[in-house]
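Number of protein chains: 2
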Amino acid sequence: MDLRELEIFLTLAELKHFGRASQACNLSPSALTRTIQRMEEKLEQPLFLRDNRTVTLSPAGERLKAYARLCLNEWQSLRSSIRNEQAVTGSLSIYASITAVYSLLPELLESFRERYPEVQLELRTGAAEQAVAQVQSGEIDLAVAAFPDGTRPNIEFLPIVTIPLIFIAPRVAGAAEVPVPGDRLDLSRAPLVLPQTGLSRRRLDQWLKEHRITPNITSEVSGNEAIIAMVRLGCGVGIVPQLVLERSPFRDEVVVLQDAPVLKPYQVGLCTSKRNLQRASVKAFWQLAEERSMAA
Amino acid sequence: MDLRELEIFLTLAELKHFGRASQACNLSPSALTRTIQRMEEKLEQPLFLRDNRTVTLSPAGERLKAYARLCLNEWQSLRSSIRNEQAVTGSLSIYASITAVYSLLPELLESFRERYPEVQLELRTGAAEQAVAQVQSGEIDLAVAAFPDGTRPNIEFLPIVTIPLIFIAPRVAGAAEVPVPGDRLDLSRAPLVLPQTGLSRRRLDQWLKEHRITPNITSEVSGNEAIIAMVRLGCGVGIVPQLVLERSPFRDEVVVLQDAPVLKPYQVGLCTSKRNLQRASVKAFWQLAEERSMAA
DNA sequence: CGCCTTCATTGCGTTACACGCAACACAATA
DNA sequence: TATTGTGTTGCGTGTAACGCAATGAAGGCG
Numbered sequence: 294m295d296l297r298e299l300e301i302f303l304t305l306a307e308l309k310h311f312g313r314a315s316q317a318c319n320l321s322p323s324a325l326t327r328t329i330q331r332m333e334e335k336l337e338q339p340l341f342l343r344d345n346r347t348v349t350l351s352p353a354g355e356r357l358k359a360y361a362r363l364c365l366n367e368w369q370s371l372r373s374s375i376r377n378e379q380a381v382t383g384s385l386s387i388y389a390s391i392t393a394v395y396s397l398l399p400e401l402l403e404s405f406r407e408r409y410p411e412v413q414l415e416l417r418t419g420a421a422e423q424a425v426a427q428v429q430s431g432e433i434d435l436a437v438a439a440f441p442d443g444t445r446p447n448i449e450f451l452p453i454v455t456i457p458l459i460f461i462a463p464r465v466a467g468a469a470e471v472p473v474p475g476d477r478l479d480l481s482r483a484p485l486v487l488p489q490t491g492l493s494r495r496r497l498d499q500w501l502k503e504h505r506i507t508p509n510i511t512s513e514v515s516g517n518e519a520i521i522a523m524v525r526l527g528c529g530v531g532i533v534p535q536l537v538l539e540r541s542p543f544r545d546e547v548v549v550l551q552d553a554p555v556l557k558p559y560q561v562g563l564c565t566s567k568r569n570l571q572r573a574s575v576k577a578f579w580q581l582a583e584e585r586s587m588a589a
Numbered sequence: 294m295d296l297r298e299l300e301i302f303l304t305l306a307e308l309k310h311f312g313r314a315s316q317a318c319n320l321s322p323s324a325l326t327r328t329i330q331r332m333e334e335k336l337e338q339p340l341f342l343r344d345n346r347t348v349t350l351s352p353a354g355e356r357l358k359a360y361a362r363l364c365l366n367e368w369q370s371l372r373s374s375i376r377n378e379q380a381v382t383g384s385l386s387i388y389a390s391i392t393a394v395y396s397l398l399p400e401l402l403e404s405f406r407e408r409y410p411e412v413q414l415e416l417r418t419g420a421a422e423q424a425v426a427q428v429q430s431g432e433i434d435l436a437v438a439a440f441p442d443g444t445r446p447n448i449e450f451l452p453i454v455t456i457p458l459i460f461i462a463p464r465v466a467g468a469a470e471v472p473v474p475g476d477r478l479d480l481s482r483a484p485l486v487l488p489q490t491g492l493s494r495r496r497l498d499q500w501l502k503e504h505r506i507t508p509n510i511t512s513e514v515s516g517n518e519a520i521i522a523m524v525r526l527g528c529g530v531g532i533v534p535q536l537v538l539e540r541s542p543f544r545d546e547v548v549v550l551q552d553a554p555v556l557k558p559y560q561v562g563l564c565t566s567k568r569n570l571q572r573a574s575v576k577a578f579w580q581l582a583e584e585r586s587m588a589a
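So the protein lines, in turn, are chains S and R. Per the numbering used here, residue 294 is the first one in the first sequence, and the count goes up by one each step. Per the numbering used here, residue 294 is the first one in the second sequence, and the count goes up by one each step.
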């Protein structure tokens, strides 16, 4: 039994006139007759008692009338509740590093807020490394994350910016062998301040492996900000994404080594699960970001 | 939105597995996929969140699930209530003359009662002449009536028996010119006891008109039983359906005139309106009578 | 690492079915 | 008797739902 059929039936039940009902339903008289006949066959029971003069509802028709009203009303309320739900209770949790919150996200969040003011936004900051894991666990809807090298199953990425990985040195040489600006960076000799894990570490390790160089690692820390702090103190040469350096309060107290190996740059963008991408709020954010990166 | 679609949706919502759900619905996987896609398009909202591993309900899907359950449950209850209604509350009112109640109806009622014991029967007796009017007014569902000569609009007839119209005379001649058994009946001379109106009167009038005979009408009464009573008293020659005479307590006190005009016989049968014929109980009685007259 | 299995989806040809048009049946009306 | 109003039926047509086969994507396993 179809909702359209119920609607047609109800119209006829109220008008009690095939001609007028068919007109009211934008239907040919024959189509109306057949629709009612189909319904009567399905119920194995006449719904209307007709003679050539009048049309009246049978007892079964009265029952069906109540049913039809129920179904159609509930359908209306379902539709509106789904629409409202889409707008009002749409929520979106975003995970990002502090750097991202200050650099990439502001303009995105602003235009999203403008276009979809009804979506409840939740913003969580944390280590950039954990972004993908947060998304995979379902803890979070959307994250700003660096592209992992390999593609992950059921995870979608949308690149937004490409950020070079740069080598930084203290403005004033501290320990021995720490290069000063203008020197050529010799990775086999220079003392290095590196993250324990993470994408930039893997990029460097790969480069070193390709060039068969054994590095001189002074200290391993976690977090790009920590690297900048260590470098500033003169501990050695560090490697950070350019964007992080630009946002750092210590940016003037370290120098960028221009004559250094060029590592494959960071790809930073949005990250979510395939499943989340089907939710209205997530999809909206995603498409907004796509538009902006198209325009750029 | 179709009930079948809702059923399919519910199955998938419970199994959360396209393959198994399609099997459970006797459907190909592709058909299931498309069915869900259609529903999602109609609602402009995803119902399931899928990745290559799992299928889960979206918020909109949860709402639809509640709706689907409501519709399907109500549909079941509608079907069963309609079936029960058909059997239990089916009522049938029958109008018949006293003669019919004693002659035609007993066997019909008996087998009807046997086959459809749940139908509430109501039996009303009255003048045979009013049977059709009772049906037309909707006062009564079904009547045992004589065929009117012309067909009536929106009224159906089912002939059951053919009953000759016979001329009767008193066993012992009373008034002058009243014929005795064996005489040839001369309608221009014999005193007649006729019904004021009714089918038998019309039949006789027609015959007289065709033969250009002016009758000698002694008295006009109403009701066949009255005719028999008058004839018995010797008032004249009467005309009654054979069946009425057979059932009359005075049947031995009048005689049938064999050598008399042959009038077109009475056709007695069931009578109902087209509209009533669509009701289950009426239809059942009608079909029962059809079967019996077939067999006879 | 490569092959196979499991799932959902998509392309495509086929079929069923709902529709509109026209003709019809039946009754009321002039 | 002709005409109008009303519901139904015959028939040709187009859409849309289906099944089959191929595809894409991810997990399992030797």
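Beta carbons: idealized from backbone N, C-alpha and C, even for Gly.
(request) Would you mind sorting R/Leu416 into buried or exposed? The rule is 16 or more other CB atoms within 10 Å of its CB. (result) In the second sequence, the residue the question calls residue 416 of chain R occupies position 123. Exposed.
(message) So, for S/Leu414: in the same chain, excluding its five sequence neighbours on each side, which residues have a beta-carbon less than 6 Å away from its beta-carbon?
(response) Here residue 414 of chain S refers to the residue found at position 121 when the first sequence is read from its first residue. Taken in chain order, the residues that qualify are Leu385.
(request) Go ahead and label R/Glu518 buried or exposed: buried means 16 or more other beta carbons lie within 10 angstroms of its beta carbon, across all protein chains shown. (result) Position 225 of the second sequence, counted from the first residue, corresponds to residue 518 of chain R. By the 16-neighbour rule on beta-carbons within 10 angstroms, R/Glu518 is buried.
(request) Output the boundary residues of the beta strand (DSSP E) element that contains R/Gln560. (result) Here the question's residue 560 of chain R lines up with position 267 in the second sequence. Secondary structure note for R/Gln560: its beta strand (DSSP E) is the uninterrupted segment Tyr559 to Ser566.
(request) Would you tell me roughly how many angstroms separate the C-alpha atoms of S/Arg376 and S/Leu342, rounded to the nearest one? (result) Numbered from its first residue, the first sequence carries residue 376 of chain S at position 83. Numbered from its first residue, the first sequence carries residue 342 of chain S at position 49. A direct Cα-to-Cα measurement between S/Arg376 and S/Leu342 gives close to 40 Å.
(message) Does the structure place the stretch 552-569 of chain S close enough to the stretch 447-460 of chain S that three or more beta carbon pairs sit under 8 Å?
(response) As far as the Cβ criterion goes, the stretch 447-460 of chain S touches the stretch 552-569 of chain S, which means the pair count is three or higher.
(request) Assuming S/Ser481 and S/Pro508 form a contact by the criterion Cβ under 8 Å, report the distance between their Cβ atoms to the nearest whole angstrom. (result) Against the first sequence, residue 481 of chain S aligns to sequence position 188. Against the first sequence, residue 508 of chain S aligns to sequence position 215. Contact flag correct, Cβ pair sits at about 7 Å.
(request) Could you name the residues of chain S that R/Tyr360 contacts, counting a contact when the two beta carbons are closer than 8 Å? (result) Here residue 360 of chain R corresponds to residue number 67 of the second sequence, with the count starting at 1. Within chain S, the residues whose beta carbon sits less than 8 Å from that of R/Tyr360 are Glu367, Trp368 and Leu371, listed in sequence order.
(request) Kindly indicate the opening and closing residues of the beta strand (DSSP E) around R/Asn447. (result) Your numbering for residue 447 of chain R matches position 154 in the second sequence. Taken as a continuous stretch (DSSP letters only), R/Asn447 belongs to no beta strand (DSSP E), as it is neither H nor E.
(request) Identify which residue in R/Arg297, R/Ser404, R/Leu296 and R/Ile329 has its Cα closest to the Cα of R/His310. (result) Taking the second sequence and counting its residues from 1, one reaches residue 310 of chain R at position 17. When each option's Cα is compared against that of R/His310, the closest is R/Ile329.
(message) Which complete alpha helix (DSSP H) runs does the stretch 297-348 of chain R hold, if anything under 4 residues is left out?
(response) 311-317 and 322-336, all fully within the stretch 297-348 of chain R.
(request) Over the uninterrupted beta strand (DSSP E) stretch that includes S/Phe578, give me the two end residues. (result) Here the question's residue 578 of chain S lines up with position 285 in the first sequence. For S/Phe578, there is no enclosing beta strand (DSSP E); the enclosing alpha helix (DSSP H) has its first and last residue at Ala573 to Ala588.
(message) Quick check: what's the CA-CA separation for S/Ser635 versus S/Met523?
(response) Only positions 294 to 589 of chain S appear in the structure, and residue 635 of chain S is not among them; the question remains open.
(request) Counting only runs of 3+ residues fully inside the stretch 356-393 of chain S, write out the beta strand (DSSP E) ranges in chain order. (result) Entirely contained in the stretch 356-393 of chain S, the beta strand (DSSP E) runs reaching 3 residues are, in chain order, 384-389.
(request) Name the two residues that bound the continuous beta strand (DSSP E) containing S/Leu414. (result) The residue labelled residue 414 of chain S in the question sits at position 121 within the first sequence. That run of the beta strand (DSSP E) goes Gln413 to Thr418.
(request) Under 8 Å between beta-carbons, which chain R residues line up against S/Gln413? List them in chain order, please. (result) Here the question's residue 413 of chain S lines up with position 120 in the first sequence. Those do not exist, as S/Gln413 stays about 13 Å from chain R at its closest Cβ, beyond 8 Å.
(request) Determine the chain R residues that contact S/Pro339 at a beta-carbon separation under 7 Å, and present them in chain order. (result) Counting from 1 along the first sequence, the entry for residue 339 of chain S is found at position 46. Near S/Pro339 (Cβ distances below 7 Å), the residues of chain R are Gln571.
(message) Looking at chain S, is there any beta carbon in it that lies within less than 7 Å of the beta carbon of R/Glu378?
(response) As a working mapping, residue 378 of chain R is identified with position 85 in the second sequence. At least one chain S Cβ lies under 7 Å of R/Glu378.
(message) Once DSSP output is grouped into helix, strand and coil, what is the label at S/Ile456?
(response) Here residue 456 of chain S corresponds to residue number 163 of the first sequence, with the count starting at 1. Here S/Ile456 sits in strand by DSSP.
(request) List the endpoints of the continuous beta strand (DSSP E) containing R/Ser493. (result) What you label residue 493 of chain R is simply residue 200 of the second sequence in a count that begins at 1. Unbroken run through R/Ser493 is the alpha helix (DSSP H), Leu492 to Glu503; no beta strand (DSSP E).
(message) I'd like to check one pair, R/Val428 with R/Ala420: are the Cβ atoms closer than 7 Å?
(response) Taking the second sequence and counting its residues from 1, one reaches residue 420 of chain R at position 127. Taking the second sequence and counting its residues from 1, one reaches residue 428 of chain R at position 135. In this structure, the beta-carbon distance from R/Ala420 to R/Val428 does not fall below 7 Å.
(request) Kindly indicate the opening and closing residues of the beta strand (DSSP E) around S/Ile510. (result) As a first step, residue 510 of chain S must be located in the first sequence, where it is residue number 217. It spans Asn509 to Val514 - the beta strand (DSSP E) in which S/Ile510 sits, taken as one unbroken run.
(request) Can you tell me which of S/Ser370, S/Trp368, S/Cys364 and S/Ala306 puts its alpha carbon nearest to the alpha carbon of S/Pro339? (result) Counted from its first residue, the first sequence places residue 339 of chain S at position 46. The shortest Cα separation from S/Pro339 among S/Ser370, S/Trp368, S/Cys364 and S/Ala306 belongs to S/Ala306.
(message) Under DSSP, the beta strand (DSSP E) around S/Ala436 begins and ends at which residues?
(response) Against the first sequence, residue 436 of chain S aligns to sequence position 143. S/Ala436 -> beta strand (DSSP E) spans Leu435 to Ala439.
(request) Closer than 8 Å, Cβ to Cβ, to anything on chain R: give me those residues from the stretch 417-445 of chain S, in chain order. (result) Flagged: no residues at all.
(request) Write down the C-beta distance between S/Pro463 and S/Trp500 rounded to the nearest angstrom, noting that I regard them as a contact closer than 8 Å. (result) Numbered from its first residue, the first sequence carries residue 463 of chain S at position 170. Numbered from its first residue, the first sequence carries residue 500 of chain S at position 207. Contact between S/Pro463 and S/Trp500 is absent: CB atoms are separated by about 22 Å, not below the 8 Å threshold.
(request) Give the interface partners of S/Ser374 over in chain R, defined as CB-CB distance under 7 Å, in chain order. (result) For the purposes of this step, residue 374 of chain S is taken as the residue at position 81 of the first sequence. Going along chain R in sequence order, the residues near S/Ser374 (Cβ under 7 Å) are Arg356.
(request) Check the Cβ-Cβ distances between S/Ala306 and every residue of chain R, and say whether any is below 7 Å. (result) Translated into positions along the first sequence, residue 306 of chain S becomes position 13. No, no contact with chain R.
(message) Tell me which residues share the same chain as R/Ile301 and place their Cβ nearer than 6 Å to its Cβ, disregarding the 5 neighbours each side in the sequence.
(response) Counting from one through the second sequence, the residue named residue 301 of chain R turns up at place 8. Within the same chain, Cβ atoms closer than 6 Å to the Cβ of R/Ile301 are found at Cys318 and Thr328, the five residues on either side in sequence being excluded.
(message) What ranges does the beta strand (DSSP E) occupy inside the stretch 517-548 of chain R, keeping only unbroken runs of at least 3 residues that lie completely in it?
(response) Whole beta strand (DSSP E) segments, 3+ residues: 530-534.
(request) Report the residue from S/Pro484, S/Phe405, S/Tyr388 and S/Tyr395 whose alpha carbon sits nearest the alpha carbon of S/Glu584. (result) The sequence position of residue 584 of chain S within the first sequence is 291, counting from 1. If we check each option's Cα against that of S/Glu584, S/Phe405 comes out closest.
(message) At the 7 Å Cβ level, is S/Leu385 part of the contact set with chain R, yes or no?
(response) Indexing the first sequence from 1 puts residue 385 of chain S at position 92. With 7 Å as the cut-off, S/Leu385 does not count as an interface residue toward chain R.
(request) Could you check the C-alpha separation between R/Ser315 and S/Pro322 for me, to the nearest Å? (result) Here the question's residue 315 of chain R lines up with position 22 in the second sequence. Here the question's residue 322 of chain S lines up with position 29 in the first sequence. One C-alpha to the other measures close to 37 Å.
(message) Please report the distance separating the alpha-carbon of R/Pro484 from that of R/Ile510.
(response) The residue labelled residue 484 of chain R in the question sits at position 191 within the second sequence. The residue labelled residue 510 of chain R in the question sits at position 217 within the second sequence. In this structure, the alpha-carbon of R/Pro484 lies about 6 Å from that of R/Ile510.
(message) Within a Cβ cutoff of 6 Å, which residues of the same chain sit near S/Asp434, ignoring the five residues on either side of it in sequence?
(response) Here residue 434 of chain S refers to the residue found at position 141 when the first sequence is read from its first residue. Closer than 6 Å at the Cβ level, and outside the excluded window around S/Asp434, lie Leu385, Ser386, Asn569 and Val575.
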